[in-house]
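Participant:
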Amino acid sequence: MPSDASAPSPYPHTKVSRDEWLLAAQELAVREGMQAVKVLTLAATLGVSRSSFYWYFKSRDDLLDQMLTQWREKNTPAILARATRQSPSINRNILAIAECWFDQDLFDPRLDFAIREWARRSETVRAEVHDADQVRVEAIAAMYRRHGFAETDAFIRARVLYFTQIGYYALEVTEPVEARMAYAAPYLRGFSGVEPEPEDLIEFEAFVDRFRDPG
Numbered sequence: 079m080p081s082d083a084s085a086p087s088p089y090p091h092t093k094v095s096r097d098e099w100l101l102a103a104q105e106l107a108v109r110e111g112m113q114a115v116k117v118l119t120l121a122a123t124l125g126v127s128r129s130s131f132y133w134y135f136k137s138r139d140d141l142l143d144q145m146l147t148q149w150r151e152k153n154t155p156a157i158l159a160r161a162t163r164q165s166p167s168i169n170r171n172i173l174a175i176a177e178c179w180f181d182q183d184l185f186d187p188r189l190d191f192a193i194r195e196w197a198r199r200s201e202t203v204r205a206e207v208h209d210a211d212q213v214r215v216e217a218i219a220a221m222y223r224r225h226g227f228a229e230t231d232a233f234i235r236a237r238v239l240y241f242t243q244i245g246y247y248a249l250e251v252t253e254p255v256e257a258r259m260a261y262a263a264p265y266l267r268g269f270s271g272v273e274p275e276p277e278d279l280i281e282f283e284a285f286v287d288r289f290r291d292p293g
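Residue 200 in the working numbering sits at position 122 of the sequence shown, and the numbers go up by one each step.
(1) For the 8 Å Cβ check, are there 3 or more pairs between the segment 132-152 and the segment 188-205?
(2) Who are the near neighbours of V272 in its chain, counting only those whose CB is closer than 7 Å to its CB and skipping five residues on each side?
(3) Taking Cβ to Cβ, would you say A45 is nearer than 7 Å to T154?
(4) Mind pulling the alpha helix (DSSP H) runs of 4 or more residues that sit fully within the segment 163-204?
(5) Out of A236, G226, A228, S200, which has the shortest C-alpha to C-alpha gap to Q212?
(6) State yes or no: is the beta carbon of I244 nearer than 7 Å to at least one beta carbon in chain C?
(7) Between the Cα of A248 and those of D278, R96, L189, spot the shortest distance and give me the residue it belongs to.
(8) Roughly how many angstroms lie between the CA atoms of A284 and E253, to the nearest whole one?
(9) Tell me which residues share the same chain as A107 and place their Cβ nearer than 6 Å to its Cβ, disregarding the 5 neighbours each side in the sequence.
(10) So, helix, strand or coil for R96, using DSSP?
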């Protein structure tokens, strides 16, 4: 088996990487559900033989486990890292979390959607998703408490902030970056109850500029 499963395989009959198998599985899960993720289907999609699958995965169950691990190790830590960032104001901390909603290298909404769809059919995965949501919300609530919000108020605001965005993903709401930035100040007022200062948005706008359409 290759020593680096993420890199393209050196074997001539293995034309795709482990990450490409995972991405194809993720996209199929988003389109058709986790039950549609099958080795033969993925091999046909990727244009490779089924045998190449086994350079990276022991079985279909191993593939699904690795998808779950990828989700667990990517999406939650990104939110926690930004919720615990030391920021001078609550609005800047909220904007730090919002970096995840713009940058899919930080938080992958398609992967999150695929795992949540899977959770509807698996009690084990449902428990994983529930635990992840609890951890994410608690980290955001702790952020609010750190900025002086009372316990219950911090918890409710954390839920509103987090589940608003998860709901956007579930409903597949899409907006151009320009529209999302135009709503930034009103959203901040809604999430924090604090009027944002002009400087609150300066650093965030520089971050978001990386995702604007150059055309």
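Ideal Cβ positions, reconstructed from N, Cα and C, are used throughout, including at glycine.
Facilitator: The relevant details are as follows:
(1) Output reads yes: the segment 188-205 touches the segment 132-152.
(2) I168, N169.
(3) The structure shown does not extend to residue 45, since the chain is modelled only from 79 to 293, so the question has no answer here.
(4) Residue ranges of uninterrupted alpha helix (DSSP H) with 4 or more members, entirely inside the segment 163-204 and ordered along the chain, are 168-180, 187-197.
(5) Taking only the C-alpha atoms, the option nearest Q212 is A236.
(6) No chain C is part of this structure, which consists of one protein chain only.
(7) When C-alpha distances from A248 are compared across D278, R96, L189, the shortest belongs to L189.
(8) The alpha-carbon atoms of A284 and E253 are separated by roughly 19 Å.
(9) Once the five neighbours on either side are set aside, the close Cβ partners of A107 are V115, A192.
(10) Annotated three-state conformation of R96 is helix, per DSSP.
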